[in-house]
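This report concerns only the one structure given below.
In the UniProt record's numbering, the protein residues as written are 1 to 137.
Put into structure tokens, the structure is as follows:
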């Protein structure tokens with residue numbers, strides 16, 4: 001699940017609506033915008049991520065970093081966002097899905113290799129340490 005969709009689902013729940021259309025109206029965007037997030041994998045604009053985070057009482061920074069990392073083109077650009085997130089030491093809500101490594105990460109999570117961590121909040125440092133091997137060599 002993309003950062004935008006995960007955040008949007010939390011936002012919908014927090015404002016007490018189930019329909020994408022109603023949540024889109026509350027955000028001040030068209031239903032088509034939300035449809036694009038779901039069907040095309042596009043990310044919300046930063047101001048929308050910030051607005052949803054404000055409603056939820058979340059820090060927008062890790063969500064913005066995650067959205068940018070997911071949207072980055074090419075491994076070099078993804079590396080930049082990984083370093084930024086790692087340097088800031090943020091926790092990211094949800095599972096980061098960079099370069100298709102999410103399957104391996106979920107497998108390791110299911111096997112209990114990330115002690116004291118749940119599937120809703122992975123320590124960014126642990127994720128980046130694991131993901132670093134995808135860029136080695």
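All C-beta atoms in this analysis are idealised placements derived from N, C-alpha and C, irrespective of residue type, glycine included.
Predicted, not measured: the structure shown is a model, and the values here were computed from it.
Return the chain-ordered list of same chain residues with a C-beta closer than 7 Å to the C-beta of residue i, the five sequence neighbours on each side being excluded.
i: residue 46; result: 64
Ignore the nearest five residues each way along the sequence and tell me which others in residue i's own chain have a CB closer than 6 Å to its CB.
i: residue 7; result: 52 and 63
i: residue 71; result: 43
Between the C-alpha atoms of residue i and residue j, what's the straight-line distance to the nearest angstrom?
i: residue 166; j: residue 42; result: The structure shown does not extend to residue 166, since the chain is modelled only from 1 through 137, so no value can be given for it.
i: residue 50; j: residue 36; result: 19 Å
i: residue 55; j: residue 11; result: 7 Å
i: residue 9; j: residue 81; result: 24 Å
i: residue 39; j: residue 31; result: 12 Å
i: residue 60; j: residue 85; result: 12 Å
i: residue 5; j: residue 20; result: 11 Å
i: residue 77; j: residue 1; result: 20 Å
i: residue 74; j: residue 83; result: 15 Å
When we look at the beta-carbon of residue i and count the other beta-carbons within 10 Å, is it buried (16 or more) or exposed?
i: residue 69; result: buried
i: residue 14; result: exposed
i: residue 44; result: buried
Less than 8 Å between the CB atoms is what I'm expecting for residue i and residue j, so what's the real figure, rounded?
i: residue 34; j: residue 48; result: With 8 Å as the limit, residue 34 and residue 48 do not qualify as a contact, their Cβ atoms being about 10 Å apart.
Whose C-beta lies closer than 8 Å to the C-beta of residue i among residues of the same chain, with five residues either side of it excluded?
i: residue 17; result: 23 and 26
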